[in-house]
Amino acid sequence: MMLFLLIINLLLISVIFFQRKIKKEQDNTIQYMHGKIQAIVNEQTNEKVLVPTTNPKIQQLLIAMNALLDDNQKVQATHRKMEDSMKKMLANISHDLKTPLTVVLGYIEMLQLQGSISEEERQRLLTGVHAKTLEVLKIINTFFDLAKLEAGDTDYPITKINVCEICRKNILSFYDMVTSMGLDIHITIPEISMYALGNEEALDRVLNNLLSNAIAYGADGNVIGLTVRNDETNIYIDVWDHGKGIDEFHIDNVFERMYTLEDSRNKSFQGSGLGLTITKRLVEIMDGSIQLSSIPYKKTIFTITLKRIMY
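Count along the sequence shown from 1, add 38, and you get the number used in the numbering used here.
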């Protein structure tokens, strides 16, 4: 009997010892996990918490913690990217505002200092002030337009629109400019009407932005074009040129806010980097999409996709 009780006691002691050992290991593991998480968050690293364990509950906890860390790291990366973009935007807008304002200041100083200038010279200077003031106003309006689009504070009702008619109207508005620059213009628009869900004002602005960019950045290719095509479900609008194109490295970035095409194309044209971002937002408002493909000096194509309607 005594032997049996001794064996029972030894078993109980062993169980208690084993449980304490497991608890101590778990406490050490949890303490390590806590310290590791604090280090990752404080140092903003991309590490994960890795702990060898056979405890299923701790394994589940590790999976959940690492998922949260992954989400936090994505948020931090997005924040840093937006912060860098904002700094770039402010630098670009500051530059774009400074240039015309400096010219305006120069014109005004000339008017003040040269009291005996001719009426013709005075009118020339005032015309310059007016033109540069309009340029500043355009930059400011572009910035606020994007802010309104991103805040959803715009009114672009979606209706049935005649895509061919709108494209024809917009390309013809650029025809005189393009031909005066000695550029060829290729227009491929079906004679029959094709309809899509969209907004005429929004599509006008999208086409105006894309055609302006094609002329500004693709003129060295000596040709720009506009093509309208379709399949059973969509209508596609291609605005293209044979110019310098956009390097593959930049293609994924051109629609980002504050990214400027002069980063990858023609540095003689400066801009705040908002035009293509506004273009993309307007296309998205019409429940469409826009893609870019580019082979330098062969063909650069911006393709708008809108949902086709047959009634």
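The beta carbon of each residue, even a glycine, is placed where N, CA and C say it ideally should be.
- [ ] Find the nearest neighbour of residue 266 within the set 344, 332, 239, judged by alpha-carbon distance.
- [x] Residue numbering aside, residue 266 sits at position 228 when the sequence shown is read from its first letter. Per the Cα distances, 344.
Report task. Would you list the one or two residues that DSSP bridges to residue 200? Result -> Position 162 of the sequence shown holds residue 200. According to DSSP, residue 200 bridges with 233.
Review point. Under a three-way DSSP split, which group does residue 336 fall into?
Key: Locating residue 336 in the sequence shown gives position 298, where the first residue counts as 1. In this structure, residue 336 counts as coil in the three-state DSSP scheme.
Check your understanding: Which word fits residue 332, buried or exposed, when buried means at least 16 other C-beta atoms lie within 10 angstroms of its C-beta?
Key -> The residue you call residue 332 lines up with position 294 of the sequence shown. Residue 332 is buried by the Cβ-count criterion.
In or out: residue 49 buried (at least 16 other Cβ within 10 Å) or exposed? Counted from its first residue, the sequence shown places residue 49 at position 11. Flag for residue 49 reads exposed.
(Q) Quick check on the burial criterion: 16 or more other C-beta atoms within 10 angstroms. Buried or exposed for residue 212? (A) On the sequence shown, position 174 is the one that residue 212 refers to. Per the 10 Å Cβ criterion, buried.
#### Entry: DSSP bridge partner residues for residue 177 (one or two, in chain order)
Here residue 177 refers to the residue found at position 139 of the sequence shown. None, per the DSSP bridge assignment.
**Prompt:** According to the neighbour-count rule (16 or more other Cβ atoms, all chains shown, within 10 Å of its Cβ), is residue 255 buried or exposed?
**Reply:** Here residue 255 refers to the residue found at position 217 of the sequence shown. Of the residues assessed, residue 255 falls on the buried side of the cut-off, its CB having 16 or more other CB atoms within 10 angstroms.
Practice prompt. Return the bridge partner residues of residue 329 from the DSSP annotation.
Written response: For the purposes of this step, residue 329 is identified with residue 291 of the sequence shown, where counting begins at 1. DSSP lists 341 as partners of residue 329.
Taking just the CA atoms, how far does residue 290 sit from residue 104? Position 66 of the sequence shown, counted from the first residue, corresponds to residue 104. Position 252 of the sequence shown, counted from the first residue, corresponds to residue 290. Linking residue 104 to residue 290 through their CA atoms gives a straight-line distance of about 29 angstroms.
query = In chain order, what residues of the same chain lie with their CB nearer than 6 angstroms to the CB of residue 226, ignoring the 5 residues before and after it?
reply = By 1-based counting over the sequence shown, the position of residue 226 is 188. Here the set comprises 265.
Q. If you count every other CB in all the chains shown that lies within 10 Å of the CB of residue 319, and 16 or more means buried, which is it?
A. Here residue 319 is taken as the residue at index 281 of the sequence shown, counted from 1. Buried is the call here.
Q.
Measuring straight from C-alpha to C-alpha, what distance separates residue 159 and residue 148?
A. Taking the first residue of the sequence shown as position 1, residue 159 is located at position 121. Taking the first residue of the sequence shown as position 1, residue 148 is located at position 110. Rounded to whole angstroms, residue 159 to residue 148 spans 10 angstroms at the Cα level.
Next on the checklist: Short of 7 angstroms in beta carbon distance, which residues of its chain neighbour residue 135, apart from the five on each side in sequence? Order them along the chain.
Outcome noted: For the purposes of this step, residue 135 is taken as residue 97 along the sequence shown, with counting starting at 1. Only 174, 177 meet the Cβ criterion.
- If you pair each beta-carbon of the region 195-204 with each one of the region 230-246, do three or more pairs fall below 8 angstroms? yes
* To do: Take the Cβ of residue 277 as the centre, count every other Cβ of all protein chains shown within 10 Å, and call the residue buried at 16 or more, exposed below.
  => Start at 1 with the first residue of the sequence shown, and residue 277 comes out as number 239. Flag for residue 277 reads buried.
Task: Cβ contact check for the region 212-222 and the region 177-196: 3 or more pairs under 8 angstroms - done: No, they do not touch.
Extent of the continuous beta strand (DSSP E) to which residue 194 belongs
Sequence index remark: in the sequence shown, residue 194 carries index 156 (1-based). Element bounds for residue 194: n/a, residue is neither H nor E.
### Query
Using a Cβ-Cβ cut-off of 8 angstroms (strictly less than) and excluding sequence neighbours within five positions of residue 335, which residues of its own chain qualify?
Indexing the sequence shown from 1 puts residue 335 at position 297. Scanning its chain for C-beta atoms nearer than 8 angstroms, with the 5 sequence neighbours on each side dropped, one finds around residue 335 the residues 259, 280, 281, 282, 283, in chain order.
Next on the checklist: If distances are taken between C-alpha atoms only, which option among 274, 150, 132, 76 comes closest to residue 360?
Outcome noted: The requested residue 360 does not occur in the structure, where the chain is confined to residues 39 to 349.
- Task: Starting from residue 272, follow the beta strand (DSSP E) in both directions and report where the run begins and ends.
- Result: Along the sequence shown, read from residue 1 onward, the residue named residue 272 stands at position 234. From DSSP, the beta strand (DSSP E) with residue 272 extends over 272-279.
inquiry  = Could you tell me the alpha carbon to alpha carbon distance between residue 124 and residue 313, rounded to whole angstroms?
reply    = As a position in the sequence shown, residue 124 is number 86, starting the count at 1. As a position in the sequence shown, residue 313 is number 275, starting the count at 1. Rounded to whole angstroms, residue 124 to residue 313 spans 15 angstroms at the Cα level.
Just to confirm my understanding: we take residue 321, look at its own chain, exclude 5 residues before and 5 after, and list those with CB closer than 7 angstroms. What are they? Residue mapping note: residue 321 aligns to position 283 of the sequence shown, counting from 1. 244, 327, 328, 342.
Check whether residue 316 and residue 247 have beta carbons under 8 angstroms apart:
Along the sequence shown, one-based indexing puts residue 316 at 278. Along the sequence shown, one-based indexing puts residue 247 at 209. Yes, they are a contact pair.
Query - Range of the contiguous beta strand (DSSP E) that encloses residue 216 - result: Mapped onto the sequence shown, residue 216 falls at position 178. Per DSSP, residue 216 belongs to no beta strand (DSSP E); it is in the alpha helix (DSSP H), 213-218.
Enumerate in chain order the residues of its own chain whose CB-to-CB distance from residue 78 is below 7 angstroms, with the five nearest sequence positions on each side excluded.
Within the sequence shown, residue 78 is the residue found at index 40, counting from 1. Answer for residue 78: 85, 107, listed in chain order.
Please report the distance separating the alpha-carbon of residue 82 from that of residue 114.
For the purposes of this step, residue 82 is taken as residue 44 along the sequence shown, with counting starting at 1. For the purposes of this step, residue 114 is taken as residue 76 along the sequence shown, with counting starting at 1. A direct Cα-to-Cα measurement between residue 82 and residue 114 gives close to 8 angstroms.
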